[in-house]
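Novice: Structure provided below as structure tokens; questions to follow.
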Amino acid sequence: MNILCVVAHPDDTEILCAGTLIRYAKKGHQVTIAVFTDGSMGDAVVAPAELKKIREAETCAAAAVIGAKVIWGGVMDEHVFPDREQRLIMIDILREADPDVIFTHSPNDYHPDHRYVGQLVFDAYFQKGLPHIPGQALPACRFGQSQVYFMDNLGGIGFLPTEYVDITEVFEIKKEMLACHKSQFKAMQQLANTNLFDMIEVQARFRGLAAGCRYAEGFTRMDAFQRGLTSRILP
Numbered sequence: 159m160n161i162l163c164v165v166a167h168p169d170d171t172e173i174l175c176a177g178t179l180i181r182y183a184k185k186g187h188q189v190t191i192a193v194f195t196d197g198s199m200g201d202a203v204v205a206p207a208e209l210k211k212i213r214e215a216e217t218c219a220a221a222a223v224i225g226a227k228v229i230w231g232g233v234m235d236e237h238v239f240p241d242r243e244q245r246l247i248m249i250d251i252l253r254e255a256d257p258d259v260i261f262t263h264s265p266n267d268y269h270p271d272h273r274y275v276g277q278l279v280f281d282a283y284f285q286k287g288l289p290h291i292p293g294q295a296l297p298a299c300r301f302g303q304s305q306v307y308f309m310d311n312l313g314g315i316g317f318l319p320t321e322y323v324d325i326t327e328v329f330e331i332k333k334e335m336l337a338c339h340k341s342q343f344k345a346m347q348q349l350a351n352t353n354l355f356d357m358i359e360v361q362a363r364f365r366g367l368a369a370g371c372r373y374a375e376g377f378t379r380m381d382a383f384q385r386g387l388t389s390r391i392l393p
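Note that my numbering has the sequence shown beginning at 159, numbered continuously upward.
Set out below in structure tokens:
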């Protein structure tokens, strides 16, 4: 299968979904990580032009740990809006990945870039398979059903998972992927007084309590017409 994770910022994947992607990769599935913005605004000191190069390189290094493909959206960080221009970008991202499973941000996430990326995935879902949408760089991909899953929120606030993935055996690889985002650790400590390793440890352990395992990632499936399946597709 083709597995796609669409996130707003570099490191969102590693924080919220990497364990699940690792399990898919270990089973031989094609994993693609699409980062919609350029990550250029996420530091109080480093200039945007320099930072976006750093963040893209870190994203590619993290993806390489599991042999994942990277799609770089390049939209200006902190400037995601569900408009026509950005929908065209999202349609091409979905067409390039041709996904069977899509992971993206929850509608009630804390960050507007996150919420709008999830909205754009929803809006572009059918159009990825329609061949006559004007302004597209890529041809239509399969029109068939893709399972769409919303990822957990940072801190788990206001998010009630309906499905869990046991990531106990791959948690150290998840940490290895996150460690590639070196610039994020300093920025998150300075801007949000947050240690990223502590954050993923606590959240994965907490979700693991509900899932009956040591570490877990939680998701909710977006059930809508033409999108639900009768069998579980998560690893």
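Every residue, glycine too, gets a C-beta built ideally from N, C-alpha and C.
Assuming residue 286 is part of the beta strand (DSSP E), what are its boundary residues?
Specialist: The sequence position of residue 286 within the sequence shown is 128, counting from 1. Where residue 286 is concerned, there is no enclosing beta strand (DSSP E), given that its DSSP letter is neither H nor E.
Novice: Do residue 336 and residue 473 have their beta-carbon atoms positioned less than 8 Å apart in this structure?
Specialist: In the structure as shown, the chain starts at 159 and stops at 393, and residue 473 therefore has no counterpart that could be examined.
Novice: DSSP state of residue 249, grouped into three classes?
Specialist: For the purposes of this step, residue 249 is identified with residue 91 of the sequence shown, where counting begins at 1. Residue 249 falls in the helix class under three-state DSSP.
Novice: Just to confirm my understanding: we take residue 366, look at its own chain, exclude 5 residues before and 5 after, and list those with CB closer than 6 Å. What are they?
Specialist: In the sequence shown, counting from the first residue as 1, residue 366 sits at position 208. Closer than 6 Å at the Cβ level, and outside the excluded window around residue 366, lie 372, 373 and 374.
Novice: With DSSP collapsed to three states, give me the class of residue 194.
Specialist: Position 36 of the sequence shown, counted from the first residue, corresponds to residue 194. Reduced to three states, the DSSP call for residue 194 is strand.
Novice: How many angstroms separate the CA atom of residue 240 from the CA atom of residue 271?
Specialist: Along the sequence shown, read from residue 1 onward, the residue named residue 240 stands at position 82. Along the sequence shown, read from residue 1 onward, the residue named residue 271 stands at position 113. Using only the alpha carbons, I get a separation of about 10 Å.
Novice: Take residue 294 and list the residues in its own chain whose beta-carbon comes closer than 8 Å to its own, dropping the five residues that flank it on each side.
Specialist: Your numbering for residue 294 matches position 136 in the sequence shown. The answer, listed in chain order, is 246, 249, 250 and 253.
Novice: Return the CA-CA distance between residue 319 and residue 194, expressed in angstroms with no decimal places.
Specialist: Position 161 of the sequence shown, counted from the first residue, corresponds to residue 319. Position 36 of the sequence shown, counted from the first residue, corresponds to residue 194. C-alpha separation (whole angstroms): 24 Å.
Novice: Smallest Cα separation from residue 308: which of 263, 279 and 210?
Specialist: Position 150 of the sequence shown, counted from the first residue, corresponds to residue 308. When only C-alpha atoms are compared, the closest one is 263.
Novice: Can you check which of these residues, 164, 224, 192 and 174, is closest to residue 185 by C-alpha distance?
Specialist: One-based indexing of the sequence shown puts residue 185 at position 27. Of the candidates 164, 224, 192 and 174, the one whose C-alpha sits nearest the C-alpha of residue 185 is 224.
Novice: In chain order, what residues of the same chain have a beta carbon less than 7 Å from the beta carbon of residue 232, not counting five sequence neighbours either side?
Specialist: Here residue 232 refers to the residue found at position 74 when the sequence shown is read from its first residue. These residues qualify, in order along the chain: 196.
Novice: Report the partner residues of residue 376 according to the DSSP bridge assignment.
Specialist: Locating residue 376 in the sequence shown gives position 218, where the first residue counts as 1. According to DSSP, which records beta bridges pairwise, residue 376 is partnered with 322.
Novice: Near residue 273, which residues of its chain fall below 7 Å by C-beta distance, leaving aside the five closest residues on each side in sequence?
Specialist: Numbered from 1 along the sequence shown, position 115 holds the residue referred to as residue 273. Closer than 7 Å at Cβ, skipping near neighbours: 263, 265 and 267.
Novice: Name the residue from 215, 369 and 244 whose alpha carbon lies nearest to the alpha carbon of residue 322.
Specialist: In the sequence shown, residue 322 corresponds to position 164, counting from 1. Considering only alpha carbons, the answer is 369.
Novice: Specify the secondary structure class of residue 227 as computed by DSSP and reduced to three states.
Specialist: The residue you call residue 227 lines up with position 69 of the sequence shown. If DSSP states are grouped into helix, strand and coil, residue 227 belongs with the strands.
Novice: Alpha carbon to alpha carbon, how far is residue 329 from residue 292?
Specialist: For the purposes of this step, residue 329 is taken as the residue at position 171 of the sequence shown. For the purposes of this step, residue 292 is taken as the residue at position 134 of the sequence shown. If you take the alpha carbons of residue 329 and residue 292, they lie about 43 Å apart.
Novice: Can you tell me whether residue 383 is helix, strand or coil according to DSSP?
Specialist: Locating residue 383 in the sequence shown gives position 225, counting from the first residue. Coil, per DSSP.
Novice: Sorted by chain position, which residues of the same chain lie with C-beta nearer than 7 Å to residue 255's C-beta, five sequence neighbours on each side aside?
Specialist: Position 97 of the sequence shown holds residue 255. Taken in chain order, the residues that qualify are 160, 162, 190, 192 and 229.
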